[in-house]
Amino acid sequence: MIVVEGHSDLAYFMWLRSMGLLDGIGANVGVLDAHGKFELHRAATTLSLFRIPHVVVWDGDAHGRTGDDLKKVACRDEAAWQALRAAANDPRSTTVGGIRLAGALEKWLGVHTEQAPAWKSGSLVAELDQHFHVRGSSVRDRSTALVAAIADLFDGKTAAAHADAAMFADCLFAPPFPQATVDFAAELASLPILQCRCRP
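If you count the sequence shown from 1, position 23 lands on 23 in full-length UniProt numbering, and the numbers rise without skipping.
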């Protein structure tokens, strides 16, 4: 199973399937929309309960941000990563890998989409169709490389060879999944928390 964080990501992977690009991973690979960055660890934990191997793919929203906006978004990115690390290090986990892209999916692919939620997924697929066969477009090369990296993770290989490619600059590959440095039990016990802990 490939776990993604939102509707546009799901639309992208369904498009990959329609183009035959997921065939190399296996005929039985599915795609699960976690419905948000902060739900990725829940999706991973649920799949692990059913012993379903999975790779998690999500966006790193902090890439390219500046100033106060950077700090806020980087804090959110780190929180999602900490939760996923905790889930992946559970002894019962069947998480075999994760890839965090540098920036939003559409920016990483080099396409423009409508930002209104109702139109974003549809406009993404239209852009992918338009650019896939254009010589010099990044859509084909990046899509092929991303699928190859996911396939290697399912095969138990590391993604180190892919991480060195220029197109994956600033992307995060796992394994390894470092142990989480947040004590989630203590955090829950201290609720409600009125101020983000990354603020001074």
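Cβ coordinates follow ideal geometry from the N, Cα and C atoms, glycine included.
Since we're looking at a predicted model, the values are computed, not measured.
Cβ-Cβ distance between residue i and residue j below 8 Å
i, j, result
"F173", "I99", "yes"
"A148", "H133", "no"
"L84", "V55", "no"
"P53", "F154", "yes"
Sheet register partners of residue i (DSSP bridge)
i, result
"W58", "R100"
"A174", "G98"
"L32", "V3"
Own chain, CB closer than 6 Å to residue i, minus 5 neighbours either side, in chain order
i, result
"R51", "T94"
"Q82", "A180, V182"
"A79", "none"
Minimum Cβ-Cβ distance from residue i to chain C less than 8 Å
i, result
"L84", "Of the protein chains in the structure, only one exists, and it is not chain C."
Span separating the alpha-carbon of residue i from that of residue j
i, j, result
"S143", "V111", "12 Å"
"Q179", "G24", "31 Å"
"L109", "G97", "21 Å"
"A166", "D129", "24 Å"
"N28", "D152", "16 Å"
"A34", "R135", "34 Å"
"S123", "G30", "23 Å"
"D141", "L21", "11 Å"
"F38", "V3", "12 Å"
"L47", "L101", "22 Å"
"L32", "I150", "14 Å"
"L70", "G103", "12 Å"
"residue 207", "D90", "Residue 207 falls outside the range modelled here, since the chain spans only 1 to 200, and no answer is possible."
Same chain, Cβ closer than 7 Å to residue i, neighbours up to 5 away in sequence not counted
i, result
"A87", "H41, A44, T45, S93, T95"
"L105", "S8, D9, Y12, D59"
"S121", "H7, S8, A11"
"W15", "V125, L128"
"H131", "V111, S137, V139"
"D68", "none"
Sequence-distant residues of the same chain with beta carbon closer than 8 Å to residue i, five excluded per side
i, result
"G36", "E5, G6"
Coil, strand or helix - residue i by DSSP
i, result
"S123", "helix"
"H41", "helix"
"Q115", "coil"
"R140", "helix"
"V150", "As written in the sequence, residue 150 is Ile, which differs from the Val given in the question. If DSSP states are grouped into helix, strand and coil, I150 belongs with the helices."
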